[in-house]
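Asks:
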Amino acid sequence: VKRNPSLNAKLSDICIGTSAAPTYLPAHFFKTEGSNGEALAAINEVSNEIYSGSPDFFPIKPTDYHRYLVLSLGTGTQKFEEKYNAEVAAKWGVLGWLTSDGSSPLIDVFSQASGDMVDFHLQTVFKALHCQKNYIRIQDDTLSGDLSSVDIATEENLANLLKLGEHLLKKPVTKVNLDYGVSEPASRRTNEQILTRLAEILSKERRLRYIRSPQGEGHAHYGKAHIKQLNINK
C-alpha cells in the first residue's frame, strides 16, 4: 500500500464494489489516492513486502510456502447442476446466453469460474510444495432457492443465511478433487476446528512478534540481561 496508493481503498468500498453483480446491483464507484485482489493478490502483496525487507515480516524467502497460512472464505454458490451442455449452448444467441431456464449462463460462467480457478490454482501450488494443509478454503456450494440469490436481502433470508453459516462451521473441511473438480471432505476436522487452530497460530505469532519488537517485554528483558552481564564482566 505504501508503494502503491491505488490499493489503499476502504474495506466498505471493496465489499460493495466486488458484490455488485451485473444486472442485480448497480455498479459502485469510488476513488483511491493513487484493484482488487482476494487470495492470489494477498499472497503477491505479502511476497512483495518480504522482498522489500519490511520489518513487519520475519526474514524468510518469498517462496517458502510452508510459512504461509492462507484462509479463503467463499460467499456461497448454487448447488452444482448440469443445466446445459455444449450442444445446447451452441444454439444460443445473445438472449440465450443472458437467460436460459431461469438462470443467466453468461453471468454464472464469469462469476463462478473466477473463484474456481483461483481455488484450483492455489490448491495445486500448495499440494505441489507439500504444504496443502496451509491452504484452507471454506465454501458452501449447495445453496438453492432464495439462499442462492444475490439480491434478496429480507430479514428472513438474512436469518436463514446466518443459520447456514453456523451449520457450515460444523461441516468437515473440504478440498477440490483436482481430477474431477468437485469438493470432497478432506479431513475429520470441522471448519470451526480449523478456524480455531488458525486463530491460535496467529495469536501466538502476534505475541512472538511483540516480544521481539522494541516495545515488547522480550526486548526489555534482553536489555536488562545485557547490562547485568556487562556489570559482571567489569
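Residue numbers for the sequence shown follow the working numbering, so the first one is 85 and each next one is one higher. Beta carbons: idealized from backbone N, C-alpha and C, even for Gly.
How many Å lie between GLU240 and THR102 at the Cα?
Replies: Going from the Cα of GLU240 to the Cα of THR102 covers about 24 Å.
Asks: Do you know offhand how far GLY121's Cα is from PHE210's?
Replies: Bear in mind that the predicted position of GLY121 carries a pLDDT of just 47, short of 50, making it too unreliable to give a figure here.
Asks: At what residues does the alpha helix (DSSP H) containing LEU319 begin and finish?
Replies: The displayed coordinates of the chain run from 85 to 318. Any statement about residue 319 would go beyond what the structure contains.
Asks: Taking the C-alpha atoms as reference points, what is the distance between GLY160 and LYS175?
Replies: The straight-line gap from Cα to Cα measures roughly 30 Å.
Asks: Going straight from the alpha carbon of PHE194 to that of VAL202, what length do you get?
Replies: Near 13 Å, if we compare the C-alpha coordinates of VAL202 and PHE194.
Asks: Could you give the distance in angstroms between the alpha-carbon of GLY199 and the alpha-carbon of GLY180?
Replies: Their Cα atoms are separated by approximately 24 Å.
Asks: Expressed to the nearest angstrom, what Euclidean distance is found between the alpha-carbon atoms of GLY158 and TYR168?
Replies: Straight-line Cα distance between these residues: approximately 24 Å.
Asks: Tell me the DSSP secondary structure of ALA170 in three-state form.
Replies: It is helical.
Asks: What number of angstroms, rounded off, separates the C-alpha of ALA111 from the C-alpha of ALA173?
Replies: Whole-angstrom Cα-Cα distance: 28 Å.
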